[in-house]
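The block underneath contains the structure these notes are about, expressed in structure tokens.
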Ligand SMILES: [Zn+2]
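Numbering (the working numbering), first residue to last: 1 to 714.
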């Protein structure tokens with residue numbers, strides 16, 4: 001049974017494009033009352049594509065209610081079955097449950113993410129806690145779990161096929177992790193902890209929002225803003241005006257420690273002020289100070305893990321991940337730290353040289369880093385976006401780059417169609433056709449920014465693949481590229497190109513899903529595995545044969561000159577010591593907070609942070625963590641607790657897997673087919689470590705990642 005959830009509003013920006021998860025399952029639904037609400041019945045469009053032309057905002061809430069009601073009834077029926085538990089009457093029956101809920105949830109997440117409005121936002125707030133309670137009601141159903149457990153304990157005798165055996169193990173573990181094995185009184189305690197944790201997370205979010213708002217830096221004298229463009233200054237004056245600070249300039253804080261304007265601010269005192277405003281935003285000993293809240297969350301999480309039988313929260317979280325244990329993550333960090341910090345130190349030395357040349361006579365501080373590294377970048381790696389963009393016309397990138405690579409590697413072809421309803425007119429729809437001419441599914445893309453779209457980029461399913469349910473994948477990619485004026489070509493940056501390849505990598509993982517069970521299908525995999533296919537696909541953007549095929553000037557049709565290609569490649573290694581070290585520092589803090597045992601004495605947040613960074617060799621005074629504990633939203637409010645490492649872990653996988661391609665002849669159909677057969681089509685049907693080793697021939701190595709980031713020579 002797949003865990004269902006409503007996607008949160010995009011409250012944070014990941015270091016890479018964010019991705020999302022999917023939902024539950026089930027068979028037919030009652031046909032009555034469906035005449036007016038199109039969500040209540042399966043779509044009759046090709047591949048059950050959502051009938052966006054018929055769905056109204058008011059259809060969602062009743063469909064959610066009905067979907068939850070139906071699934072609860074289905075689960076009750078399974079739990080109360082008087083027949084002895086079998087794989088069919090329990091696991092398969094659970095897979096067939098919740099079809100309506102799955103459908104409405106998928107479609108709802110599509111529109112709330114990409115094309116929301118105030119009505120949908122309100123439904124989102126109302127439905128999210130109901131859905132969480134719905135999941136709990138299933139996971140903590142003692143009769144249901146008894147059947148699951150009986151089959152699990154007897155699984156060796158059942159002669160199940162490998163995918164079915166994996167489903168038994170997966171469902172069993174998910175129920176156990178959710179507390180199914182607890183006594184009744186412990187279940188009460190667990191619910192109490194979950195409730196307290198939810199309110200503490202909400203409190204943290206509110207405190208941090210208020211703290212960040214209050215931490216905005218007001219400047220009265222324009223000389224303090226030397227280095228900023230007039231446009232920047234006008235925007236800051238506008239910010240100030242909106243806060244009734246007429247005549248001043250207001251610099252709002254971004255989520256990360258480093259602030260974008262630090263790159264341009266020539267006045268060192270202003271830089272220091274802005275940096276300190278960011279660094280101490282949530283540590284002012286006022287009502288917005290998050291430190292006590294953090295301590296309470298960490299303590300409660302440790303107690304929850306103990307209640308569930310795990311030594312610490314990270315151990316609980318990592319059970320169903322590829323890394324499996326906090327020790328594996330710590331070992332991974334320890335391998336990366338020496339090269340990352342050595343590179344950061346050499347970058348610091350380069351910057352110090354610039355400061356000295358300019359007779360700065362001061363020691364480099366974190367608030368100087370971006371200002372001077374920007375000068376180093378201009379000297380060593382200057383890449384003018386305006387020179388590059390004419391080679392990246394969006395349709396050309398899509399058809400002759402993204403689709404072309406998928407054709408050369410996997411034999412796919414794509415055909416645009418105009419008969420499928422879309423939720424917004426910018427959305428395009430393509431048939432995805434396999435090498436033998438059969439149709440795999442539908443691909444929607446929605447690339448341009450809108451006011452009612454969440455930030456970032458993501459992929460998800462409107463319809464999930466499952467042979468049991470007879471469904472094929474309907475998949476979409478959403479991005480936030482600047483929309484050109486009418487009649488103008490959309491020329492995008494190389495970052496945007498990379499994002500298109502990234503999100504399409506997720507799409508391929510979804511399209512090649514070939515599973516019996518939706519729960520294990522396509523991109524329904526662990527968080528520290530899901531970014532592997534997407535980041536892997538990014539590599540083809542710069543692969544010579546692919547790049548030559550799509551990077552042609554939109555006016556002249558001429559290929560991109562080699563000197564520009566070389567500049568793009570070289571720029572990719574710029575400042576990598578700093579950027580890897582700051583991420584490692586944040587990821588390491590996350591792991592250390594969540595390895596605290598339940599009986600750990602209440603910690604002083606700042607002291608804990610200093611000791612933790614020193615212990616792991618990540619206490620470089622010039623390279624602070626990307627997020628300090630007090631403003632690390634990812635880990636205190638949502639699914640990234642003991643999970644921030646996943647970004648780096650999957651980077652190791654994708655670089656190492658790409659190294660296999662380089663060692664074996666690069667872009668060929670045979671290599672693509674092998675990757676498709678061994679990784680992209682396997683969903684979560686094989687233990688991740690084994691799946692990877694079978695493909696690569698050995699455990700993942702960090703060498704290719706270190707080379708790509710320019711930390712060690714190729
Ligand atoms: Zn992604």
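For glycine and all other residues, C-beta sits at the position ideal for the given N, C-alpha and C.
Check	Outcome
When we look at the beta-carbon of residue 664 and count the other beta-carbons within 10 Å, is it buried (16 or more) or exposed?	exposed
Tell me whether residue 218 sits in a helix, a strand or coil according to DSSP, three-state version.	strand
How big is the Cα-Cα spacing for residue 178 and residue 676?	33 Å
Going by C-alpha distance, which of 524, 485, 434 and 426 is nearest residue 479?	426
Below 8 Å on the Cβ atoms is my guess for residue 431 versus residue 403; work out the distance and round it to an integer in Å.	About 12 Å separates the two Cβ atoms, so there is no contact after all.
Determine the DSSP secondary structure at residue 188, reduced to helix, strand or coil.	helix
Kindly list the residues whose CB is nearer than 7 Å to the CB of residue 62, restricted to its own chain and excluding five residues on each side of it in sequence; keep chain order.	37
If the criterion is Cβ atoms closer than 8 Å, does the pair residue 457 and residue 503 meet it?	yes
Going by CA-CA distance only, name the one from 379, 360, 667 and 462 that's closest to residue 102.	462
Please determine whether the Cβ atom of residue 460 lies at a distance below 7 Å from any heavy atom of ligand 1.	no
Only counting the same chain, and skipping five residues up and downstream in sequence, which positions put a Cβ closer than 6 Å to that of residue 305?	312, 313 and 316
Within the continuous beta strand (DSSP E) that includes residue 460, where are the two ends?	458-463
Look up residue 687 in the DSSP assignment and say whether it is helix, strand or coil.	coil
CB-CB under 6 Å to residue 329, same chain, minus the five flanking residues each way: which ones, in chain order?	323, 591 and 645
Count the other CB atoms, across all protein chains shown, that sit within 10 Å of the CB of residue 609; report buried if there are 16 or more and exposed otherwise.	buried
Quick check on the burial criterion: 16 or more other C-beta atoms within 10 angstroms. Buried or exposed for residue 52?	buried
Where in the segment 360-414 do unbroken runs of the alpha helix (DSSP H), each at least 4 residues long, occur, reported from the N-terminal end onward?	366-381, 385-388, 394-397 and 403-410
Ligand 1 and residue 509: does any heavy atom of the ligand fall closer than 7 Å to the residue's C-beta?	no
If residue 283 sits next to residue 291, beta carbons under 8 Å apart, how far is it from one beta carbon to the other, in whole angstroms?	6 Å
Buried or exposed: which applies to residue 714, given that a residue is buried once 16 or more other Cβ atoms fall within 10 Å of its Cβ?	exposed
Within the continuous beta strand (DSSP E) that includes residue 250, where are the two ends?	249-251
Does the count of Cβ pairs from the segment 653-671 and the segment 344-360 closer than 8 Å reach three?	no
For residue 25, which of helix, strand or coil comes out of DSSP?	For residue 25, the pLDDT reaches just 33, beneath the cut-off of 50, and the residue's location in the model is therefore unreliable, although a value from the coordinates is still provided. Here residue 25 sits in coil by DSSP.
Is residue 442 near residue 42, with beta carbons less than 8 Å apart?	no
With C-beta atoms as the reference, is residue 253 less than 8 Å away from residue 262?	no
Quick check: residue 523 and residue 509, are their CB atoms within less than 8 Å of each other?	yes
Using only the alpha-carbon positions, how far apart do residue 449 and residue 429 sit?	18 Å
Taking the alpha-carbon of residue 424 as reference, which of 411, 453 and 300 has the nearest alpha-carbon?	453
Go to residue 444, then tell me how far its beta strand (DSSP E) extends in each direction, as first and last residue.	439-448
Report whether the distance from the Cβ of residue 454 to the nearest heavy atom of ligand 1 is below 7 Å.	no
Indicate whether residue 580 and residue 340 have their beta-carbon atoms separated by less than 8 Å.	yes
Cβ of residue 634 versus every heavy atom of ligand 1: is any distance shorter than 7 Å?	no
Spell out a yes or no on whether the segment 477-492 and the segment 513-532 are touching, meaning 3 or more CB-CB pairs, one atom from each, closer than 8 Å.	no
For residue 681, which residues in the same chain have their Cβ closer than 8 Å to its Cβ, ignoring the five residues on either side in sequence?	512, 513 and 514
Kindly indicate the opening and closing residues of the alpha helix (DSSP H) around residue 658.	646-663
Within the present structure, is the beta-carbon of residue 531 separated from the nearest heavy atom of ligand 1 by less than 7 Å?	yes
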